[in-house]
Amino acid sequence: MNINQYLLSIFQDSLKKINISSDIDIQFDIPRNKEHGDLSTNLAMKLSKELKRSPQDIAQNIVASLNYDKTYIDRIDIAGGFINIKFSQQYYIQQLTNIIAQKKNYGRSNKYSGKSVNVEYVSANPTGLLHLGHGRNAAIGDTLANLYDWTGWKVTREYYFNNAGNQMNNLTKSIYSRYMQILKDENFPFPEDGYHGEYVKTIAEELIKIHKSNLAEGSKNDLAIIKKFGEEWCFDKIKHTLSRMKIKQDVFYNEDSLYKDGKIDTLLNDLESKGLSYKKDGAVWLKFSQLGLENDRVIVKSTGEPTYRLPDIAYHKEKLLRGDDLVVDIFGADHIATIPDVLAGVRAIGLDNNRIKVIIHQFVTLMENGEQVKMSKRTGKSYTLDELLDDVGEDVVRFFLIMRGVNTHLEFDLSLAREQSDKNPVFYLQYAHARICSIFDKLAMQTIDSSKVDLSLLVEQNEINLIKQLILFPEILLSAMQKSEPHIVCEYLREVAAAFHIFYHDCRIIGTEEKLMNARLILSNATKVVLYNGLSILGVTSPQKM
RNA sequence: GCGCCGGUAGCUCAGCUGGAUAGAGCAUCAGCCUUCUAAGCUGAGGGCCACUGGUUCGAAUCCAGUCCGGCGUGCCA
Numbered sequence: 113m114n115i116n117q118y119l120l121s122i123f124q125d126s127l128k129k130i131n132i133s134s135d136i137d138i139q140f141d142i143p144r145n146k147e148h149g150d151l152s153t154n155l156a157m158k159l160s161k162e163l164k165r166s167p168q169d170i171a172q173n174i175v176a177s178l179n180y181d182k183t184y185i186d187r188i189d190i191a192g193g194f195i196n197i198k199f200s201q202q203y204y205i206q207q208l209t210n211i212i213a214q215k216k217n218y219g220r221s222n223k224y225s226g227k228s229v230n231v232e233y234v235s236a237n238p239t240g241l242l243h244l245g246h247g248r249n250a251a252i253g254d255t256l257a258n259l260y261d262w263t264g265w266k267v268t269r270e271y272y273f274n275n276a277g278n279q280m281n282n283l284t285k286s287i288y289s290r291y292m293q294i295l296k297d298e299n300f301p302f303p304e305d306g307y308h309g310e311y312v313k314t315i316a317e318e319l320i321k322i323h324k325s326n327l328a329e330g331s332k333n334d335l336a337i338i339k340k341f342g343e344e345w346c347f348d349k350i351k352h353t354l355s356r357m358k359i360k361q362d363v364f365y366n367e368d369s370l371y372k373d374g375k376i377d378t379l380l381n382d383l384e385s386k387g388l389s390y391k392k393d394g395a396v397w398l399k400f401s402q403l404g405l406e407n408d409r410v411i412v413k414s415t416g417e418p419t420y421r422l423p424d425i426a427y428h429k430e431k432l433l434r435g436d437d438l439v440v441d442i443f444g445a446d447h448i449a450t451i452p453d454v455l456a457g458v459r460a461i462g463l464d465n466n467r468i469k470v471i472i473h474q475f476v477t478l479m480e481n482g483e484q485v486k487m488s489k490r491t492g493k494s495y496t497l498d499e500l501l502d503d504v505g506e507d508v509v510r511f512f513l514i515m516r517g518v519n520t521h522l523e524f525d526l527s528l529a530r531e532q533s534d535k536n537p538v539f540y541l542q543y544a545h546a547r548i549c550s551i552f553d554k555l556a557m558q559t560i561d562s563s564k565v566d567l568s569l570l571v572e573q574n575e576i577n578l579i580k581q582l583i584l585f586p587e588i589l590l591s592a593m594q595k596s597e598p599h600i601v602c603e604y605l606r607e608v609a610a611a612f613h614i615f616y617h618d619c620r621i622i623g624t625e626e627k628l629m630n631a632r633l634i635l636s637n638a639t640k641v642v643l644y645n646g647l648s649i650l651g652v653t654s655p656q657k658m
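For the first sequence, position 46 (counting from the first letter as 1) is numbered 158 according to my numbering, and the numbering increases by one without interruption.
Next up, the structure:
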């Protein structure tokens with residue numbers, strides 16, 4: 113039974129009975145102060161103005177004609193203008209049984225079943241290694257995809273890449289230069305905007321192992337070999353890093369296929385025939401000014417190469433035509449400018465851009481001993497995601513990268529992350545899980561059959577508080593998904609862990625009277641289920657021991 | 001200049017579809033282990049919610065303006 117729906121229906125009945133017809137939205141909130149009950153509504157205060165009566169008066173009227181099931185609702189009373197609702201112990205026990213019954217599926221909902229979503233994230237070109245920014249993108253994208261999955265969506269995880277453009281040529285030239293520097297002449301010129309990272313030297317060294325000096329001439333064919341080698345090398349590393357992050361994407365979409373399949377040409381023709389493009393200074397311009405934007409922009413350069421806008425629009429067209437109900441992009445704040453262009457472009461060719469949802473996340477700054485660690489693309493000095501994973505571990509990385517709202521700048525505190533101690537927030541959650549496992553370990557039990565246990569023995573405030581936390585889980589996942597804010601799950605799990613630690617501290621399990629022990633074991637097991645499921649959504653492991 | 005994001009405790013951040021006394025972690029201080037993991041628990045101090053005005057019975061939350069910080073504003077992606 114869904115308690116919110118039930119409450120909604122009895123309140124609507126009550127309003128009908130006392131002849132208040134209003135399309136007012138009835139909302140139930142969890143009061144900050146626990147003494148105010150488990151849920152409260154400000155309905156009476158909202159109606160006050162419309163009805164020109166005092167909130168207290170209206171509230172009394174509503175409550176007097178409320179007809180509710182006393183087995184689940186203990187009482188409903190009035191405080192100021194608020195109507196406060198308190199659930200019965202039996203309600204909590206029934207919910208607890210439900211958690212145990214659903215186990216690994218507890219938290220899943222079917223609210224969005226039948227809908228499908230494509231989530232595109234990471235999408236780094238194979239021109240280098242993943243760094244911290246990609247890490248945040250990856251963690252947010254993957255966690256969101258998990259949240260879509262848990263709320264009923266059919267999910268496709270996608271990675272979009274370009275192995276053909278300027279950037280790739282630049283990498284090729286950079287590798288070639290390092291190759292020549294090692295083999296022939298240490299002063300061999302390095303491309304002006306080349307990739308300075310150490311990894312380029314590594315690629316060159318590995319290239320030499322295989323091809324010796326056979327590529328020294330730098331012919332078109334030689335460069336093609338270098339390009340392919342570089343691309344594969346980078347992709348291997350990227351995929352390896354992602355697998356460490358527990359990320360596996362379903363589709364790797366190559367931008368080049370947009371050209372090969374003629375989708376770019378089709379789009380160009382389409383735009384031209386609609387009179388939305390024109391030639392000027394040897395370039396093709398798109399009339400964004402007719403699409404509600406400020407300025408027209410170049411979509412094909414005078415060199416004949418398209419700018420990023422054209423393939424981006426074609427790619428989104430392609431994704432929309434696949435028929436998913438929702439197409440989600442995860443972008444860093446530096447990509448903000450492309451979004452209006454793509455949306456306008458897609459709308460221009462008659463597609464519904466409301467199906468595109470763009471999540472923008474702000475940057476990550478790496479802090480060490482209270483100082484910012486500077487990164488530089490120019491000198492190649494950077495801290496790669498792989499190095500970070502080596503340094504602090506997979507669980508810490510995944511957790512730290514989503515524990516803040518996507519709109520906030522994320523300060524990644526290396527010193528804190530490295531610390532294997534109580535200061536580190538991930539361990540707080542994992543520790544709660546490990547503690548529960550150790551109880552069952554001690555008793556040499558795997559789990560416990562709830563059907564034979566009298567859960568009505570759970571009457572302590574700390575026990576009820578813990579149950580209250582646990583039953584929020586499905587709603588939390590829905591809310592995190594709807595708001596596209598994975599950090600909501602982090603906050604929630606911290607509260608679950610806190611409620612458990614308090615319970616654990618105050619309520620002994622082993623050594624108490626057997627019936628009570630069994631009831632508490634059920635509660636512990638339910639906590640374990642929530643922690644495990646929640647952490648797995650975040651891509652974090654739940655250790656048995658710590 | 002314009003656009004997007006942010007400004008809440010010493011630090012890092014929740015809270016932002018308006019509600020009751022503004023929260024958490026870290027840091028500081030004071031307590032709790034002969035019984036299930038002290039990576040835990042209990043308590044204390046710490047706030048002009050950037051500023052000004054407006055809307056409202058009620059504003060950290062909504063609106064307008066101002067100030068500060070980040071990102072963007074390419075025939076780069």
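Glycine is no exception: its CB is placed at the ideal position from the N, C-alpha and C atoms.
Values in this document were obtained by computation on a predicted structure and should not be read as measured data.
Item	Value
For residue 336, count neighbouring Cβ atoms within 10 angstroms of its own Cβ and tell me buried if that reaches 16, exposed if not.	exposed
Pull up the distance between the alpha-carbon of residue 501 and that of residue 509, whole angstroms please.	7 Å
So, using beta-carbon positions, are residue 320 and residue 287 closer together than 8 Å?	no
With burial defined as no fewer than 16 other Cβ atoms inside 10 Å of the residue's Cβ, what is the status of residue 658: buried or exposed?	exposed
Which residue's Cα is closest to the Cα of residue 234: 272, 313, 460, 399?	272
Does the distance from the C-beta atom of residue 453 to that of residue 409 stay below 8 Å?	yes
Identify whether residue 77 lies in helix, strand or coil by the three-state DSSP scheme.	For the chain, the structure presents residues 113 to 658; residue 77 sits outside this window and is missing.
Determine the direct distance from the alpha carbon of residue 178 to that of residue 133, and round the result to whole angstroms.	16 Å
Judging by CA-CA distance, which residue of 239, 487, 544, 557 is the nearest neighbour of residue 341?	239
Can you tell me where the beta strand (DSSP E) with residue 444 in it begins and where it stops?	438-444
Which residue marks the beginning of the beta strand (DSSP E) containing residue 236, and which one marks its end?	Premise fails: residue 236 is in no beta strand (DSSP E) and is neither H nor E.
With contact counted as at least three CB pairs below 8 Å, one residue from each stretch, are the stretch 522-534 and the stretch 629-637 in contact?	no
Taking 8 Å as the cut-off, does the stretch 141-148 touch the stretch 202-211 (at least 3 CB pairs, one atom from each stretch)?	no
Skipping 5 residues on each side, what residues in its chain have a beta carbon closer than 8 Å to that of residue 259?	589, 592, 593, 598, 601, 649
Taking DSSP's pairing of strands, which residues face residue 270 in a bridge?	232, 363
Does residue 164 come out as helix, strand or coil in the three-state DSSP assignment?	coil
Find the nearest neighbour of residue 199 within the set 190, 181, 213, judged by alpha-carbon distance.	181
Apart from the five residues just before and just after residue 157, which ones in its own chain have a Cβ nearer than 7 Å to its Cβ?	167, 193
Would DSSP call residue 563 helix, strand or coil?	helix
Quick one, are the C-beta atoms of residue 284 and residue 372 less than 8 Å apart?	no
Taking one C-beta from the stretch 456-470 and one from the stretch 420-436 each time, how about it: are there three or more such pairs within less than 8 Å?	yes
Using 10 angstroms around the beta-carbon of residue 387, count the other beta-carbons present and answer buried if the total reaches 16, otherwise exposed.	exposed
Buried or exposed for residue 513, please, with buried defined as at least 16 other CB atoms from any protein chain shown within 10 angstroms of its CB.	buried
Which of the three DSSP states, helix, strand or coil, is assigned to residue 418?	strand
Counting beta carbon pairs with one atom in the stretch 577-584 and one in the stretch 603-613, are three or more of them shorter than 8 Å?	yes
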